[in-house]
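A short write-up of the structure that comes next.
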Amino acid sequence: MARDPVPGGRAGVRGRVRRSGRVGGHVLLRARDPGADAGGQRGRPALRPGRVRAVLRRLAHAGGRRLPDRQRGAGVVVADPGAARGFAGAGRAGGRAAVTRVGAARAWSVAGVVAGLALAAAGLAGAPVRGGVPDGAVAVVGGTPILRSDYDRALAAVAGARRDVDDGVRRKVLDRLIDEELLVQRGLELGLAERDPRVRADLGAAVIDLVTARAEAAPPSEADLRAFYADHRDEFARPPLIHVRQRFFRAADAAQPSPPPVPVPDAPIPLSRLADLLGPTAARAAAAAPVGATTARVRSALGWHELTVVDRRERDIPPYADIADEVAAAYRRRAGERALRAFLDRARARAGVQVQLP
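First residue of the sequence shown? That's 63 in this note's numbering, and the numbers climb one at a time after it.
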């Protein structure tokens, strides 16, 4: 096997990452030398899988490539019972753990691990787990626990409507979670969180979601919502609407109308929507005509139009009772924005940002 020029650990990346093939349209990482960074040698804090699984579970399965056991480079501790039936040494009474190298692991695509790297690199890591599998976990990968709740959700998603799940399915589900953890840890060792633009973009998005989620989840009081509505009434204003009927002509002197190539809804619509359908000239002519009047023939890229104004509605602000849900959504969104701004201000102060523009 060709040597990967990238050394272990996050720092000291001197060469490019070797890549092997494409699966599902994405480039795959190639494993390092056999046994590299074996259990206990990683310098990064352990990751909390509960924080990364929600994103990883949404990722499509990559191809069927698998890494040989000797290239995996991490000890895996699997808990008993049930969660890992099918692994050697698991399934014994009393909840004893068995240490095993889990072979035939899927090599997921780099894109599939990017989201997990983002959440892990955001500082959502706990202390490494030592001395077996803790309560509430089904496995420990390089000191990082895989929570039973994450395993149960992944198993339920795979099982679907089936009532019985055999040991083979259980093993594949746990295998996938272990592989995801291995690739996340390896990606951090390679410094992808600092160097890969995709990871950096997902990292920023993941941190924004985490910072804003708590603020947006807090239920506001009715008094808070009404006060917010009173202070931001203009944000809930409805644009002016116009209801027109058109007659379409292929030429300026055509005697009979033709079926319009672009029909106009027989209902009030925003003037901007009318402009999108028939062009700005027709929209301006309709806006200038009074209710009940018909415009002169107006040319557009489609042909010629006569527009009869059926009704017109001016800009309107609905009462609070009619848009209470919309007000609540806007309130939560604004709370998330405030939380994010406060977080960034604190982070900027801690980091001691220095700027020197050219």
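Here a beta-carbon is modelled for each residue, glycine too, at the ideal position from N, C-alpha and C.
Proximity below 8 Å, CB of residue i to CB of residue j
{"i": "Arg333", "j": "Pro380", "result": "The sequence shown places Leu at residue 333, rather than the Arg named in the question. Contact flag unset, no."}
{"i": "Ile304", "j": "Arg374", "result": "yes"}
{"i": "Leu369", "j": "Val324", "result": "no"}
{"i": "Val326", "j": "Thr343", "result": "no"}
{"i": "Leu287", "j": "Ala390", "result": "yes"}
Whole-angstrom C-beta distance between residue j and residue i, which should lie under 8 Å
{"i": "Ala366", "j": "Phe311", "result": "In the sequence as presented, Ala is not what sits at residue 366; that position holds Trp. Correct: roughly 4 Å between the Cβ atoms."}
{"i": "Leu336", "j": "Ala345", "result": "5 Å"}
{"i": "Ala199", "j": "Arg210", "result": "6 Å"}
Backbone CA spacing between residue i and residue j [nearest angstrom]
{"i": "Glu251", "j": "Tyr382", "result": "53 Å"}
{"i": "Arg295", "j": "Thr274", "result": "24 Å"}
{"i": "Asp315", "j": "Asp378", "result": "40 Å"}
{"i": "Ala329", "j": "Asp338", "result": "16 Å"}
{"i": "Ala404", "j": "Asp293", "result": "21 Å"}
{"i": "Leu272", "j": "Gly398", "result": "10 Å"}
{"i": "Leu406", "j": "Gly222", "result": "41 Å"}
{"i": "Gln247", "j": "Ile270", "result": "22 Å"}
{"i": "Ala392", "j": "Ala267", "result": "20 Å"}
{"i": "Asp16", "j": "Gly249", "result": "In the structure as shown, the chain starts at 63 and stops at 420, and residue 16 therefore has no counterpart that could be examined."}
{"i": "Leu244", "j": "Leu402", "result": "31 Å"}
{"i": "Arg232", "j": "Val195", "result": "18 Å"}
{"i": "Leu239", "j": "Glu256", "result": "24 Å"}
{"i": "Val417", "j": "Arg262", "result": "21 Å"}
Under the three-state DSSP convention, the category residue i falls into
{"i": "Ile304", "result": "strand"}
{"i": "Val195", "result": "coil"}
{"i": "Leu129", "result": "Note on Leu129: pLDDT 42, under 50, position unreliable in the model; the coordinate value appears next. Strand."}
{"i": "Arg288", "result": "helix"}
{"i": "Thr357", "result": "coil"}
{"i": "Arg377", "result": "coil"}
{"i": "Pro332", "result": "strand"}
{"i": "Pro207", "result": "strand"}
{"i": "Val389", "result": "helix"}
{"i": "Arg312", "result": "coil"}
{"i": "Leu250", "result": "helix"}
{"i": "Val261", "result": "helix"}
{"i": "Leu364", "result": "coil"}
{"i": "Leu419", "result": "coil"}
{"i": "Ala267", "result": "helix"}
{"i": "Val231", "result": "helix"}
{"i": "Val273", "result": "helix"}
{"i": "Ala201", "result": "strand"}
Worksheet item: Quick one: any contact between the stretch 196-208 and the stretch 224-233, if contact means 3 or more CB pairs under 8 Å?
Response: no
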